[in-house]
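Step one of this worksheet: look at the structure below.
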Amino acid sequence: MKPILDIQNLKVHFKTDAGTVRAVDGVDLQVNAGETLGLVGESGCGKSVTSLSMMRLLSEKTDITGKIFFSGENILEKSEREMQAIRGNKISMIFQDPMTSLNPVLTIAEQIEEVIKYHQGGTRKDIQARAVEMMDLVKIPDGERRIHEYPHQMSGGIRQRIMIAMALACKPEMLIADEPTTALDVTVQAQILALIRELQVQFKTAVLLITHDLGVVAQVADKIAVMYAGQIVEYASAKELFYSPKHPYTKGLLDTIPRIDREDKELKEIKGMVPDLSQDFKGCRFYPRCPKATDQCCRKEIELIEIGKTRVRCLLYSDRS
Amino acid sequence: MILGIFAPFIATEDPITPVLENKFQAGFWVGNYNHFLGTDELGRDILSRIIYGTRISLKVGYIVVFITAVFGTFLGIVSAYYGKLVDLLLMRITDIFLSFPPLLLALAVVAVLGTGLENAMLAISLIYIPQMARIVRGSVLTVKELPYIEASRALGAKNYWIIIGHILPNILAPAVVYLTFLLADAILYTAALGFLGVGIDPSTPEWGAMLSNGRDYLLIGKWWVTAFPGLMIVISVLSFNLFGDGLREALDPKMDL
Amino acid sequence: MDKEIILEVKNLTKYFPIKKSAFSKNKEFLRAVYDLSFSVCKGDTFAIVGESGCGKTTTRKLLLKLLEADKGEVIYKGQDIFKLDDNSMRKLRTKLQVVFQDPYASLDPKWRIGKIIGEPLAIHGVGTSNRRRKRVEELMALVGLRPEYYDRYPHEFSGGQRQRIGIARALALNPEIIIADEPVSALDVSIQAQVLNMFKKLQQQLELTYIFISHDLSVVKHISDRVAVMYLGQIVEIAETSLLFDNPLHPYTKALLSSIPVPDPSKKEELKLLEGEVPSPVNPPPGCCFHTRCVMAGGICKTEEPKLVEIEKGHQVRCHFTKD
C-alpha cells in the first residue's frame, strides 16, 4: 500500500541577514491513508515549517529541496493554481490559534460556505445546507442558528471546531493539524482530540498532527516522528516510541516531562539549549546535550538508520541496521 | 529607506540688509554670480535671504516641536495613566481642538494674540499638541497593560517611578518618529502663515513671506523672487518627511510595540 | 505536622462591573472570584489549578493587592492587607513577590537585566549602588546566570533564561512568599524541568513558600503540597496533593484529571469527556456553579449553593453529593 504522503529528504533553508537558517534539513516521512502521524518537537525544531512547505505556504524566496509526494504526485513541482485546487480540498490545515485563523468580519456561514463554493460549487441552497451539516458534524449545538454568528461571539473551543468544519468540508484526503489544541483548556482539548479521532475514522482522512505535547501524541497517533533542530531523529510506531525509545533526545524528553501517572522525585533535565539553526553543524546536532555523546558523534553527518520498522538518527545504533 | 536622509541645513552667516540699488537682478542663469539666485524687489540677495530664512523656519520648527513634545507627552501620559475622568475630560478638549481645520486654528490664535514670531510658534504648537497627546496616549495605553508594568507595581514602585522609568522609554520610538514629521509640518505652516502675511513682519526673510511677496512680480517676469523660496519649502519639507520615514524603518524592528 | 500558617484567605470576593453601553444604567457584574477561602503553610507549595476564566488571574492580583476586594480578607502575619495603608503595604510587598507567566513581556525590553533584577532594591532604597550590584550578582549566581550577562538586554536571552531573570528579581528582597503565575507554561518542555527543579531547590535553600498558579495538573502534581481546584471563581475542591490525585471527589476535578492525555499509548482510554462549555461568569448559574455540566447533578444542585465541606482530613469539597 503506497503511502498517501511521502516526504523525501526535505530541506528548507531561509536566507537571512544573519546567515542561512536551515529550518528543515533532512526530513523523510510517510503517512498512509487513514493513519495519524504525530510530528513532535519543541519550538524551533522545524515542524511547522515542514507542514507549511507541504501546503506550499512559504514565500517563494525560500530555498526548498527534496520531494513531497501526495497521492503519487510531487507537490513541490505544482503551480500555484494547481496548489489552490488542492488546498482546502485534498489537503486541509488547521492552526493553533483559532482567533486569528478566522475572519472577524465574516459570519461563520460565509466562511464555511466559501470553502465549499470554491472547491465544489453547487446551488446556494445546497451549499448552505452542507455548511449547516458541517456544524452538526463537529457537534456545535444549535448549529443552524449559530452559523450566522461571528467568530468573536464564540469560545476558543467552538472556534477550533469551526476550523475543523472548514477543513473537512470537502472531505480532504489529508488533514494537517498544527498544534490544534495548544491554546485550549485541557477539558476542551480532550473534546477536540476526540472529535478529530472520530471524524478521521468517519472520513478515512490521514492526519498529520504537529505538537510538542507527548501526551496528546500518545493518545492520538499511530506513528510518531520526533524532530530536533530541523531533522527527524526518531520515527516509530507509538508503542515502540514510548516503550522502547531509542534516540537519546526522545529518552530525554520522556524523562523530563512531569507525569500524572508517575511519582517523580526530581525531573530529569536535558542540559543546555536548543541550537541556533543558522550555524554550520558538524555531525550530530544533539551532541552538546547528549548524555551518551562520543567523539565520533561530531565528526560527520549522521544518517537515518532503519531498525525494523523504526528509524533512528544516532550512532549508537549504527551496528544494528 | 534611510537614503532619504537629506541633512538639514545649518544657516550660514550672510547678511540680510536691503540694498536698494541692486533691484531685480537675475541670478546665475544669466551669468550673475554675484547674486546667485538673483535679487528681490528691494535688491536683497535672494540666496542670502533664503539661507537666513532657514534659520527662522528651523527655529520655529524646533521650538514648536519642543513645546509640542513636552505638553503633548505630558497630557498624553496623564490622560492614559490616570484614566477615567481625567482621560475623558482631556480627550474631549483635544477633540475640540482637532475639529478645527488646522490653519484656521492657527490664524485664529494669531488673530487673538497678534502677529509676530513667538505667537506664530504658539499657534502652530497649539495645532499639534492635541494630536501628539493622542498618539502618546495610545502608546501609553498599550504599554500600561504589559506584565512588566504590573511587575514593577507588585514590587512596590510608585507611579512616578513607573511613568518615568518604564513607560517613557518605551513610548519614545513612535513619539520621535511623529516629531520628525511634525518638524516638516511646522516648516510648512510657518511658511503658510508667512505667506498669508500673519507670521512675521515683512522685512524678515521668511520663505512663506518671500513666496507671497514674490507673487506680484511673476507677471512682470521676475519669477525667481517667488520660485526659489517656494523650492526651498518643498525641499526642506520633503527631506524631513523622508528622514522621518527612514527613521521609522530603522526603529521599527527594534520597536517592541 | 503542625506547620505555621503564613497566609490566610477568607471569603475573598471580587466583582467587575460591566456596563452595557455608555449610557445604560443597567450594570451587569462579572463574578470573577467568589467566597475564596484557603490557608497556606510556611514552606509549602500551594497550587491553584483551573482552566481559563476560573479566576486564577484575579486571585493573583487580589493577593498582591493590585485590585481591591469587594469582600473578604487576605491575612498575612496577622494583618488584613486590604486594611493596610499604602506605606505599610509597600513594606509588605518586599515579602510577597511574584513571577509571571510570560518571560517575554514581564521584563522591560529597554532595561538591562542587571537593572531589572536590581529594580526592587532601587525602589525600596536598599543599600548603595555598589552593594546593590553585588546583591544582583549574588542573585544571578543563585539562578544560574553568568555574571557577565549583567549588561545585556532581555531580548538577548532565551525564554528559560528570561524566566530565571524574573525569578532573580522576585528574590531580590528576600521574600517569604512567591506567587508564581504559570511560570513554566510558556517554556519548552525540556526547559520546564530545569526551571521546576530550580524552583524546588530555591525553596529549600531559602525557605520560601510558593503559591503556584497553573492549568497544568501534571506540573502541579510534581511540585505542590496542597492543591485548590477553581471553577468559575470558586474553589470546588481543596486537598493535599497526593490525596487529590488519588481520590478526587468533585465531579469537575474528576473530569479535569481524566481529560489529561497521558503519554502512554496503551492507555488510550476514552478521555472522559466533559461536555459543554464554561458558562459565562457574567451570569453564573444559580445553585452549584458546576451543575450545568455535571453528570451527577440533581434537583438541589440547581437551587442551592453547596458549601465547602471537609470530607476527610485536609480534604474539602464543594458538592451536594459527596458522601462517599
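Protein chains in written order, with the working numbering: chain Y, 2 to 322; chain R, 10 to 266; chain G, -10 to 313. Built from N, CA and C at the ideal position, the CB exists for glycine as well. These numbers were taken from a predicted model, which means no experiment stands behind them.
Item	Value
Length of the line joining the Cα atoms of Y:S238 and Y:T37	10 Å
Below-8 Å beta-carbon distance, G:E108 vs any chain R residue	yes
Under the three-state DSSP convention, the category Y:T188 falls into	helix
Sequence-distant residues of its chain with Cβ nearer than 7 Å to Y:A132 (five each side left out)	A110, I113, E114, I117 and I148
For G:C290, the first and last residue of its enclosing alpha helix (DSSP H)	G288 to T292
Chain-order list of residues whose beta-carbon lies under 6 Å from that of R:S148 (same chain, five-residue window excluded)	I180 and P183
Run of the beta strand (DSSP E) containing G:Y65, from where it starts to where it stops	K60 to Y65
Start-to-end residues for the beta strand (DSSP E) that takes in Y:Q31	G20 to V32
Contact set between G:Q183 and chain Y, taken where Cβ atoms lie within less than 7 Å	E270
Y:K224 burial status per 10 Å Cβ neighbour count (16 or more: buried)	buried
Residues of the region 117 to 149 of chain Y whose Cβ lies closer than 7 Å to any Cβ of chain G, in chain order	none
Segment contact, 8 Å Cβ cut-off, at least three pairs: the region 198 to 212 of chain G with the region 128 to 148 of chain G	no
Contact check, R:L220 vs R:T235, beta carbons under 8 Å	yes
Contact set between G:L134 and chain R, taken where Cβ atoms lie within less than 8 Å	Per Cβ cutoff of 8 Å: no residues; G:L134 is ~18 Å from chain R at best.
C-alpha distance - Y:A195 paired with Y:M94, whole-angstrom precision	18 Å
For G:T311, the three-state DSSP class (helix, strand or coil)	coil
Inter-residue Cα distance where the pair is G:C43 and Y:P152	22 Å
8 Å Cβ cutoff, G:D253 in contact with chain Y	yes
Cβ of G:L1 within 8 Å of any chain Y Cβ	no
Backbone secondary structure at G:A161 - three-state DSSP	coil
Assumed close pair G:R124, G:L110 - CB separation to whole angstroms, cut-off 8 Å	6 Å
Of the residues G:E57, G:V209 and G:R82, the one placed nearest G:L246, counting alpha carbons only	G:V209
Burial state of G:P6 (16 or more Cβ within 10 Å)	exposed
For Y:T51, the first and last residue of its enclosing beta strand (DSSP E)	From DSSP, Y:T51 is part of no beta strand (DSSP E) but of the alpha helix (DSSP H) over K48 to M55.
For Y:L209: DSSP bridge partner residues	Y:L38 and Y:I177
Assigned secondary structure, G:D140 (DSSP; H/G/I helix, E/B strand, else coil)	helix
Environment of G:P136 [buried if 16+ CB atoms lie within 10 Å]	exposed
Classification of Y:S54 by the beta-carbon crowding that lies within 10 angstroms, buried from 16 upward	buried
Backbone CA spacing between Y:V25 and R:L155 [nearest angstrom]	34 Å
8 Å Cβ cutoff met for G:T46 and G:D24	no
Beta carbon of G:G265 nearer than 8 Å to that of G:R282	yes
CB contact check: G:I112 to chain R, cutoff 8 Å	yes
Whole-angstrom distance between G:A228 and G:K(-8), CA atom to CA atom	15 Å
The beta strand (DSSP E) enclosing Y:L327, as first and last residue numbers	Outside the displayed span of chain Y (2 to 322) sits residue 327 of chain Y, for which this structure offers no information.
Close-in-space but distant-in-sequence residues of the same chain around Y:S49 (CB under 7 Å, 5 per side omitted)	D179 and I211
Euclidean distance between Cα positions of Y:G309 and Y:M135	41 Å
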